[in-house]
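Here is the structure we will look at.
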Amino acid sequence: MAQRGGAQRPSGGGQGKICQFKLVLLGESAVGKSSLVLRFVKGQFHEYQESTIGAAFLTQTVCLDDTTVKFEIWDTAGQERYHSLAPMYYRGAQAAIVVYDITNQDTFGRAKTWVKELQRQASPNIVIALAGNKADLANKRMVEYEEAQTYAEENSLLFMETSAKTAMNVNDIFLAIAKKLPKSDNNARSCWMLQVITFKTGETM
Amino acid sequence: MDEEYDCIVLGTGLKECIISGMLSVSGKKVLHMDRNKYYGGESASITPLEDLFTKFGLPSPEETYGRTRDWNVDLIPKFLMANGQLVKLLIHTGVTRYLEFKSVEGSYVYKGNKISKVPADEKEALTSDLMGMFEKRRFKNFLVFAQDFKDDDPGSWKAVPGFDPVNTTMSTVFAHYNLDKNTIDFTGHALALYRDDDYLNKPAGDTLKRIKLYSDSLARYGKSPYLYPLYGLGELPQGFARLSAIYGGTYMLDKPIDEIVLEDGKVTGVRSGGETAKCKQVYCDPSYVPDRVQKVGQVVRAICLLDHPISNTKDALSTQIIIPQKQVNRNSDIYVSLVSYTHQVAAKGWFIAMVSTTVETDNPEAEIAPGLNLLGPVKQKFVTVSPIYKPLDDGTGNQIFISESYDATSHFETTCLDVLSIYRRGTGDDFDFSKVKHNLGDEDM
Ligand SMILES: Cc1cc2nc3c(=O)[nH]c(=O)nc-3n(C[C@H](O)[C@H](O)[C@H](O)COP(=O)(O)OP(=O)(O)OC[C@H]3O[C@@H](n4cnc5c(N)ncnc54)[C@H](O)[C@@H]3O)c2cc1C
Ligand SMILES: Nc1nc2c(ncn2[C@@H]2O[C@H](COP(=O)(O)OP(=O)(O)O)[C@@H](O)[C@H]2O)c(=O)[nH]1
Ligand SMILES: [Mg+2]
């Protein structure tokens, strides 16, 4: 019986533990959420990527000094387009990256709405990062760095400008989240999780 | 939305979401809309708790109910059979990765004014008070026959002389093993999960398969054959909707559906406000097509909020109790199900019990009294009487494929049969599970 994430799972034994966290991406359509994930997980970028179809569930690990942080990354599968994202999507998320496009002021406004929604709905300890993506398009910039940084500070968010195209700050933002996540062994949810049943994919019937 | 789609699905109840997922996976271009601004329709889990009170026209709940956001209350009670059709669908489509389940702790059956545990293993069966000692031996022989039974292997039919799965009735099989009325009641209703006794004079093969499903499900996780998802049943439609979206399905909630447009008796689109989306087929629940369905019965359901478990269940945090029809002089069984805070559907220390049955009289609430009586003090009760609708035709003419309302069964087997039948009617094919790619980027799930 496999256990799906949600709860962090420090695995026992001597030096170094592995913690698993659910991380979700939020933000307006076409700001580059899927591109950030693709860059982080596979090191790739597709200029003319069609709006997200396919990969919507990826994992990637980040190594800190004594801990390996494994991210279980959920992409929106396009359900954000008509504001039809299901609550199950951000349920139990321990980290979220809220993405906007620095060349589009509306997407920044929408990002703020997502932050509010997370503060209202998600678990109180969630680590939220704000990513100003497409930083490579600085000549078309519509959202000032300082404006976003001030907003992030006021709301205790991690903040970086990123580029899925050039890879700027992509690993760094995930690393910053990994560092900020609580990695204690006594997570209230994990003891419940022990009795939780999930199935391995491809399990034969 | 003024685009062209292969299929438009209306309503995001469980059946519609499974169908939407299957259609998208099969390469169809799907638009999925709901008039509500939340997923799930009738199969949603209501949250926060105020919304449930509002839905029933009651003032907001008092503070004793804890954090109201911690509540996710199902409107239709059901459990998943661990080895059943829905679990198969969940596994083959990979939707399990979005969900977490718990095994239901115990299954009970009502006999002679008290409840007894349905034995989950031989040890429990030996000490069970459901049968006397000689009856247990007869029952064991019957069970061995049921377990070994294979539809297509006459070698496995030999234990009952002259048996064949289609022409031998179930009552003949019970008679052969000399089982008494109580054992038959318990077998037909608590193991084969029939709601009435019609099965007795029908082909034995179907009943034997249901008993096998029960024991195979039991074998999977031990305590009972049932599973329940954390955060409530409302997670199921959301999971299948996500599957559909991953395969390209477009989702729009909060869309008033004004008209299903037909030309020459065939559907050509769906109008919402000033826009019309074109399509070749529509799939929907009965509420979107009131003039294309007929009422075939009613189900009464009582949602009860409790601050304690049910007596005589060893304080189980989840359980099912079946009251077989004969025990209370009815024609259909009464089901009681209990889930609790450990399933993230209630605030700490709280329980949600549901009592339901098929309506037989003019006073539905009185019909569920034997179930309510088992619960002890109830803090708040919400009673609904829901009509059951069936489509007037199979949809192949006008290409509008309509699901049936959710019935009174306590599990999802009939739900899945309806979905698979609709898929077959709509596409002319059985669903090909191999079309689902398993590696949607996840390496080690
Ligand atoms: C939900 C459920 C699931 C079950 N699943 C299984 C299963 O998976 N596999 C399985 O094998 N069984 C199963 N059973 C059946 C159950 O295990 C048997 O009832 C149990 O094994 C008892 O068998 P028995 O014949 O020893 O019991 P009983 O007939 O109750 O016998 C009890 C004791 O009395 C003695 N005894 C019985 N009859 C006589 C006699 N005529 N003369 C002298 N002494 C006698 C026996 O030696 C025994 O020690 C299940 C039952 C239920 C209700
Ligand atoms: N120049 C530039 N384009 C990007 C960047 N990230 C994404 N894009 C492009 O923006 C479009 C939308 O990206 P996508 O990842 O699908 O956005 P999503 O809808 O938020 O998942 C695609 O054409 C990407 O190639 C970036 O950092 N720089
Ligand atoms: Mg995307």
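Chains X and H are the protein sequences, given in the same order. According to our numbering, the first sequence holds residues 86 to 290 in order. According to our numbering, the second sequence holds residues -8 to 436 in order. Don't be surprised by glycine CBs; every beta carbon is placed ideally from N, CA and C.
Taking just the CA atoms, how far does residue j sit from residue i?
i	j	result
Ile314 (chain H)	Glu96 (chain H)	18 Å
Lys127 (chain H)	Gly31 (chain H)	44 Å
Lys200 (chain H)	Thr387 (chain H)	30 Å
Ala293 (chain H)	Leu149 (chain X)	52 Å
Gln272 (chain H)	Ser11 (chain H)	12 Å
Lys246 (chain H)	Val116 (chain X)	25 Å
Ile37 (chain H)	Lys305 (chain H)	28 Å
Lys6 (chain H)	Ala236 (chain H)	16 Å
Leu108 (chain X)	Asp(-3) (chain H)	34 Å
Ala195 (chain H)	Val319 (chain H)	25 Å
Val290 (chain H)	Phe342 (chain H)	22 Å
Tyr242 (chain H)	Glu113 (chain X)	15 Å
Val0 (chain H)	Leu81 (chain H)	20 Å
Gly139 (chain X)	Gly239 (chain H)	Bear in mind that a pLDDT of 49 at Gly139 (chain X), under 50, signals an unreliable position, so the number given afterwards is only what the model happens to contain. Spanning the two alpha carbons is a distance of roughly 8 Å.
Ala150 (chain H)	Lys203 (chain H)	17 Å
Lys69 (chain H)	Lys108 (chain H)	19 Å
Gly146 (chain H)	Val330 (chain H)	43 Å
Thr188 (chain X)	Tyr230 (chain X)	11 Å
Val184 (chain X)	Ala196 (chain X)	6 Å
Asp155 (chain H)	Phe140 (chain H)	11 Å
Thr198 (chain H)	Pro216 (chain H)	17 Å
Tell me whether the beta-carbon of residue i lies closer than 7 Å to the beta-carbon of residue j.
i	j	result
Ala307 (chain H)	Ser347 (chain H)	no
Ser323 (chain H)	Asp187 (chain H)	yes
Glu250 (chain H)	Arg233 (chain H)	no
Cys270 (chain H)	Gly256 (chain H)	no
Asp61 (chain H)	Ala360 (chain H)	no
Leu215 (chain X)	Ala181 (chain X)	no
Glu91 (chain H)	Leu221 (chain H)	yes
Thr73 (chain H)	Ser278 (chain H)	In the sequence as presented, Thr is not what sits at residue 73 (chain H); that position holds Ala. Cβ distance not < 7 Å, so Ala73 (chain H) and Ser278 (chain H) don't count as in contact.
Leu487 (chain H)	Ala344 (chain H)	With chain H covering -8 to 436 only, the question about residue 487 (chain H) has no answer from this structure.
Thr160 (chain H)	Asn192 (chain H)	yes
Lys268 (chain X)	Thr152 (chain X)	yes
Phe231 (chain H)	Val78 (chain H)	no
Tyr212 (chain H)	Lys93 (chain H)	no
Quick one: what does DSSP say residue i is sitting in, helix, strand or coil?
i	result
Ala337 (chain H)	coil
Gly196 (chain H)	helix
Phe244 (chain X)	strand
Arg176 (chain X)	coil
Glu231 (chain X)	helix
Pro39 (chain H)	coil
Lys381 (chain H)	strand
Thr352 (chain H)	coil
Asp61 (chain H)	helix
Thr137 (chain X)	With a pLDDT of 49 at Thr137 (chain X), under the threshold of 50, the modelled position of this residue cannot be trusted, and the question is left open.
Leu111 (chain X)	strand
Tyr236 (chain X)	helix
Val151 (chain H)	coil
Met72 (chain H)	strand
Phe422 (chain H)	coil
Pro447 (chain H)	Outside the displayed range of chain H (-8 to 436) lies residue 447 (chain H), so it cannot be described from this structure.
In chain X, what lies closer than 7 Å to residue i by C-beta?
i	result
Tyr89 (chain H)	Met173
Glu226 (chain H)	Met173
Gln76 (chain H)	Neighbours of Gln76 (chain H) on chain X: none; closest Cβ ~10 Å, over 7 Å.
Applying a beta-carbon distance threshold of less than 8 Å, which residues of chain X neighbour residue i?
i	result
Tyr222 (chain H)	Met173, Arg176
Please list, in chain order, the chain H residues whose beta carbon lies closer than 8 Å to that of residue i.
i	result
Gln164 (chain X)	Ala232, Arg233, Ala236, Tyr242
Quick one: list the residues of chain H neighbouring residue i, beta-carbon separation under 7 Å, in chain order.
i	result
Ser169 (chain X)	Tyr242, Met243, Leu244
Report the neighbours of residue i on chain X: residues whose CB is nearer than 9 Å to its CB, in chain order.
i	result
Gln289 (chain H)	Neighbours of Gln289 (chain H) on chain X: none; closest Cβ ~31 Å, over 9 Å.
Can you list, in chain order, the residues of the segment 237 to 257 of chain H whose Cβ is nearer than 7 Å to any Cβ on chain X?
Ile237, Gly239, Tyr242, Met243, Leu244
Residues of the segment 196 to 208 of chain X whose Cβ lies closer than 7 Å to any Cβ of chain H, in chain order
none
In the segment 297 to 315 of chain H, which residues sit with their C-beta less than 7 Å from some C-beta in chain X, listed in chain order?
Only those residues of the segment 297 to 315 of chain H whose C-beta falls short of 7 Å from the nearest C-beta of chain X would be listed, and there are none.
Scan the segment 17 to 43 of chain H for residues whose Cβ lies nearer than 7 Å to a Cβ of chain X and list them as they occur along the chain.
Tyr30
Residues in the segment 118 to 145 of chain H with C-beta within 8 Å of chain X's C-beta atoms, listed in sequence order?
none
What are the residues in the segment 268 to 283 of chain H lying within 7 Å of chain X by C-beta distance?
Across the segment 268 to 283 of chain H, no CB contact with chain X closer than 7 Å is found for any residue.
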